[in-house]
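Structure, as structure tokens:
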Amino acid sequence: MTSSTTVRTPLRLYGRGSELAALEALLGRLWAGRGGALVVAAPPGQGRTALLRQAVARHAARCPDAVLDVTAAPAEQRLPHSGLHALLCSAPGPLPLPPEQVLRSGSVPAALPGLLRELARYRPLLVCVDDAHRWDGASRAALAFAARRLGADSGVAVLISTADETEFAGLPVLRPGPLDDDAASAVLDRFTRGADHVEPAVRGELVREAAGNPSLLAGLLARLTPGQLAGRTPLSYPLPGAESVLQAHAALLDGLSPQTWTVLLLAAAAAEHEPDGIGSDAALILRAGVRAGLDADLVERVLLDPAATARALQHTGERVHFRHPLLRRAVLHRALPTHRRAAHDMLADLLAGAGAPSLPELVQRACAAPGHDEALARQLAAGAVAPVPHAGRASALARAATLTVDGTRRGARFAAAAEQARLAGDADRARALLARVHGPGPASGPGGASAPDPAPVRGPAPAHHRASAHGPAQCVRGLLLLRDGPVADAREALLTAAALLLPHDPPSALEALLGAAEAAWAAGDAPAYLDAMRRVPPTAADPALARHRAGMCAVLGGHTAEGHALLRRNLDTARSDGAPAELLRAVVAALVLGEVDTACRTGARALAAVRSTGPDVLLPKALEHLAHAELRAGRHARARAHATEGLQAARRTGQPNTAAHLHAVLALVASVEGDAAACTAHGDAALAGAGPHGLLQAATLATWARARTELSRGRPADAAARLAPLVRPGPRRGHFATRMLAVPCYVEAAVLRGRADAGPGGARPAPADGAAEAVAEFALWADRSADPQAPAQLARCRALLAPPDEAAARYEEALSHHDRAGGDFERARTQLLYGQWLRRRRRTREARGPLRDALVSFERCAARTWAERAGGELRAAGEAVDAGPAAQETPLAALTPQQHRIARYVAEGATNREVAVRLSVSPRTVDHHLRNVFAALGVRSRMELARLLGR
155 MTSSTTVRTP LRLYGRGSEL AALEALLGRL WAGRGGALVV AAPPGQGRTA LLRQAVARHA
215 ARCPDAVLDV TAAPAEQRLP HSGLHALLCS APGPLPLPPE QVLRSGSVPA ALPGLLRELA
275 RYRPLLVCVD DAHRWDGASR AALAFAARRL GADSGVAVLI STADETEFAG LPVLRPGPLD
335 DDAASAVLDR FTRGADHVEP AVRGELVREA AGNPSLLAGL LARLTPGQLA GRTPLSYPLP
395 GAESVLQAHA ALLDGLSPQT WTVLLLAAAA AEHEPDGIGS DAALILRAGV RAGLDADLVE
455 RVLLDPAATA RALQHTGERV HFRHPLLRRA VLHRALPTHR RAAHDMLADL LAGAGAPSLP
515 ELVQRACAAP GHDEALARQL AAGAVAPVPH AGRASALARA ATLTVDGTRR GARFAAAAEQ
575 ARLAGDADRA RALLARVHGP GPASGPGGAS APDPAPVRGP APAHHRASAH GPAQCVRGLL
635 LLRDGPVADA REALLTAAAL LLPHDPPSAL EALLGAAEAA WAAGDAPAYL DAMRRVPPTA
695 ADPALARHRA GMCAVLGGHT AEGHALLRRN LDTARSDGAP AELLRAVVAA LVLGEVDTAC
755 RTGARALAAV RSTGPDVLLP KALEHLAHAE LRAGRHARAR AHATEGLQAA RRTGQPNTAA
815 HLHAVLALVA SVEGDAAACT AHGDAALAGA GPHGLLQAAT LATWARARTE LSRGRPADAA
875 ARLAPLVRPG PRRGHFATRM LAVPCYVEAA VLRGRADAGP GGARPAPADG AAEAVAEFAL
935 WADRSADPQA PAQLARCRAL LAPPDEAAAR YEEALSHHDR AGGDFERART QLLYGQWLRR
995 RRRTREARGP LRDALVSFER CAARTWAERA GGELRAAGEA VDAGPAAQET PLAALTPQQH
1055 RIARYVAEGA TNREVAVRLS VSPRTVDHHL RNVFAALGVR SRMELARLLG R
């Protein structure tokens, strides 16, 4: 960094919890008078030294002057026993013998354990050697011998850091891996404390380039200006600052022969045209080595025997991998540019066929190019098509851009590369490529030579040339915002992109408009959705899309019957082998129609299509659509499985907005299963993402989930307070496509809250405020929807609001609808409410049947809290319910069923009046039972009761 940006050493280690725990365990054994040894093995820059510094600081704070601490000096590596001499010289006090006399004795390995035990006679001793692989061989052998021979009760702990653990075989090894993205981002924040802002695209590029290596991350940051960090100044490529870490990796291979280095160079170069992580083709490297004049047996030995390359290479099947990605980069960095280009040229010649050049050949030619080459750039761009994976296309297009002289054409190729990276699910890479769309051209060509001067340009570029870069870049930017940003911003960006693209690239303009419509849908902005969809030109080339557009516009425009007919026709003609995007639109149409079984089937086909053909960026969305459909269909376990997988995919592909929707689905599943903690966690996560990014649909679903959990726990007032703003008119109204789903919960909560206000035995309460209006609106929606649960839910709502002489018939009507629709959970909820109503009317014998059926159904769909509520009602109706062996061992086992329920409600904080409403008894009856509960349990207050039941 420049002087105006301060790099700070972190005061804590990020992402190293398990490693620090292992060090703490070693120190704990040492402080207990025992001892041990631990080898911390990792490549250079991986944080070995930082871990050792932590251990030394911890021990020195507890036992001052009880540490032998030394870092290897590479300059002394050829001096026998120089490492041990340095270690002994670091002793805090006098040694029994001077270091020189110990070394002259000729029995260093045998003497070292006894010497260390002598130093630890009065206090536990920590021996810490950093970078032990840089010690001379004799010192390494003596240190390993001592670490193995020191007993468990020696009072000595030996802590060794090394890049090569071979000579310390038999000792416990701790292998710190690369930092994950979250930890690397935390390290970056610590290093840049004091900087104004780190642009997300710059952050992603730094984290990706550092490959989890904290020292490399620090080196990259040290070379950036504040303007580059903030995104005001373009980054230069390749990013500077990696030199020291790469040199340290290359130094691990210094003892290898020139012939072995040649094979390593060929292996490193051969990986350039391969996807990340799959290594290089061993046969290609063998052919290249022979063409380079090496003996075939030597090349085979280098490729097959890890010891021949100091374990730099690993052979798996027909592939060759570098032990660590930075080792491969270090080999390329160490090679002279002429040698590196010659290796790429040789590989390109071997990859050349009789026909047109393949993409691997073109990639190797690009790596060998000494400067800009428009002809090669055109070939690369033309080759970046299917069946090449999207990640490979992104790489090829980025290479083509670096070969391009013309700024507009170069920007267009970077924009195309960003789109392919987005489709591959690599959002950070896509943002980094977008940042290069309008940046300056490279100062040198891909091979490192100076680029030729571009031809002078007279006058401004034509409008369609400018749009060739600006339009696609704006489209990619908007689509990235759609998955990770405020959706209102995404909609505006995509509408702008569509206007730029429409005259010259209608298919891309169509994609931008559909993305803008999706952004408006996520925001719950129906007029904006209609505006975007009406801009989509009707086309005969895609009749399914034309019908979808017309149907959705009709539904949201108030012409429901017409719209449903168009959408249903689309579902009838949907091809099982359709494109993933087409199938996902069909899922949305099925959910709008309420045909949840069709939505599940189509969602499963869409997921299979995405898994089979991609693109990877659609996987989280496909899983979200399927999970939502399964939730609507009452298949809660399947919904949980698909939403959990989708959440992992959303995190992996950088899609927090999709993750928020998936958290909302998981919160709804938890509200069914009765897991209040999971519902709260997922609901909070959904709302945390929904608020800043304007995701009204996710917020509506998460709020509904929290309210349904409140209902399951017998808290109707809290549930009604959460749901009232969603289902009633006003600025906080829920999402237009999902708020109707929450109406039955709201009506139930509002009615039960009204009973609480009226009190047991009092006059029948007036209809809950707003509930009747909500039911009237729900009736209109149910009449238009094919949702199988809607008629039963409507009858249940009417039963809740009906006078006593009509309620039973309404409940029976709801149950008959449930018989036709299926679905254990919703049927059980109706049976629970019916049984409660019957018991409240003192018809306890009749109440047992519905309550018993509700209990069985809740248990069948794993709705634990709902089952407990049904079981409590059934016990109150006079039927014994097995609470299970665990419950029989609790203090409540001695109570009657009614006392059991009252104790639970009071422990949760309910007043006597609130308990009376829930149980349909008088407050005086509650008071009588509560006195008996206190006497039976030996408690004197509600607080003591809550503590007793909380254990």
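For the sequence shown, position 682 matches number 836 in the numbering used here, and the numbering has no gaps at all.
Cβ atoms here follow ideal geometry from the backbone N, Cα and C, with glycine treated the same way.
Between the options, which lies nearest to residue i when the distance is taken from Cα to Cα?
i, options, result
"leucine 342", "Gly324, Ala364, Val327, Arg329", "Ala364"
"valine 764", "Gln628, Ala623, Ala1017, Gly579", "Gly579"
"glycine 381", "Thr346, Leu406, Leu410, Gly373", "Thr346"
"alanine 286", "Leu374, Ala196, His478", "Ala196"
"leucine 699", "His1082, Glu359, Leu710, Ala728", "Ala728"
"arginine 1101", "Phe1088, Ala928, Asp872, Ala1061", "Ala1061"
"valine 193", "Gln1053, Ala176, Pro228, Pro1004", "Ala176"
"glycine 190", "Arg302, Leu242, Arg583, Ala896", "Arg302"
"histidine 815", "Trp858, His796, Ala840", "Ala840"
"threonine 998", "Arg1014, Gly976, Arg1029", "Arg1029"
"valine 210", "Asp336, Ala682, Cys282, Tyr276", "Cys282"
"alanine 852", "Gly868, Glu778, Gly808", "Glu778"
"alanine 715", "Pro734, Leu747, Ala227", "Leu747"
"leucine 419", "Ser1011, Ala466, Gly837", "Ala466"
"proline 394", "Thr834, His487, Leu328, Val310", "His487"
"leucine 720", "Asp731, Cys707, Ala338", "Cys707"
"arginine 964", "Glu980, Pro1077, Thr984, Leu710", "Thr984"
Would you mind giving the Cβ-Cβ distance between residue i and residue j, rounded to the nearest angstrom? I have them listed as a contact below 8 angstroms.
i, j, result
"glycine 385", "glutamate 353", "3 angstroms"
"valine 312", "alanine 300", "7 angstroms"
"proline 626", "alanine 569", "4 angstroms"
"alanine 437", "glutamate 472", "7 angstroms"
"leucine 370", "glycine 199", "5 angstroms"
"leucine 1005", "glutamate 1022", "The pair is not a contact, with the Cβ atoms about 12 angstroms apart (cut-off 8 angstroms)."
"leucine 856", "glutamate 864", "The displayed chain sequence assigns alanine, not leucine, to residue 856. Alanine 856 to glutamate 864, Cβ: 13 angstroms. No contact."
"valine 771", "threonine 807", "6 angstroms"
"leucine 780", "threonine 752", "Between threonine 752 and leucine 780 the Cβ distance is about 12 angstroms, and since that is not below 8 angstroms, they are no contact."
Alpha carbon to alpha carbon, how far is residue i from residue j?
i, j, result
"histidine 544", "leucine 279", "56 angstroms"
"glutamine 1042", "proline 870", "Because glutamine 1042 sits at a pLDDT of 45, beneath the cut-off of 50, its placement in the model cannot be relied upon, and the point is left open."
"glycine 601", "alanine 520", "Residue confidence is low: glycine 601 scores 48 on pLDDT, short of 50, so the model does not pin down where it sits. Its coordinate-derived value is still stated next. Approximately 8 angstroms, taken between the alpha carbons."
"valine 1093", "leucine 1099", "6 angstroms"
"alanine 575", "threonine 1019", "45 angstroms"
"glutamine 802", "threonine 470", "29 angstroms"
"aspartate 408", "alanine 464", "10 angstroms"
"glycine 678", "leucine 880", "12 angstroms"
"glutamate 173", "proline 810", "29 angstroms"
"leucine 188", "leucine 273", "Going by the sequence as given, residue 188 is arginine instead of leucine. When rounded, the distance between both Cα atoms is 14 angstroms."
"leucine 877", "valine 1075", "27 angstroms"
"leucine 850", "alanine 844", "7 angstroms"
"alanine 903", "glycine 712", "30 angstroms"
"phenylalanine 1088", "arginine 1067", "18 angstroms"
In the DSSP assignment, the beta strand (DSSP E) including residue i goes from what residue to what residue?
i, result
"isoleucine 1184", "An answer regarding residue 1184 cannot be provided, because it is not within the stretch 155 to 1105 covered by the chain."
"alanine 468", "The question names alanine, but residue 468 in the sequence shown is glutamine. Its beta strand (DSSP E) spans residues 467-470."
"leucine 279", "279-284"
Under three-state DSSP, which class holds residue i?
i, result
"leucine 456", "Per the sequence shown, residue 456 should be read as valine rather than leucine. Helix at valine 456."
"glutamine 943", "coil"
"glycine 190", "strand"
"phenylalanine 476", "strand"
"arginine 377", "coil"
"methionine 1097", "helix"
"arginine 216", "helix"
"valine 224", "strand"
Identify the continuous alpha helix (DSSP H) that holds residue i and give its terminal residues.
i, result
"aspartate 685", "680-689"
"leucine 360", "354-364"
"arginine 862", "850-866"
"cysteine 754", "750-767"
"phenylalanine 979", "978-994"
Is there at least one non-hydrogen atom of the ligand GDP closer than 8 angstroms to the beta-carbon of residue i?
i, result
"glycine 828", "With respect to the ligand GDP, the structure offers nothing, as it holds no ligand at all."
Taking 9 angstroms as the threshold (beta carbon to beta carbon), is residue i in contact with chain D?
i, result
"histidine 239", "In the structure shown, chain D does not exist; there is a single protein chain."
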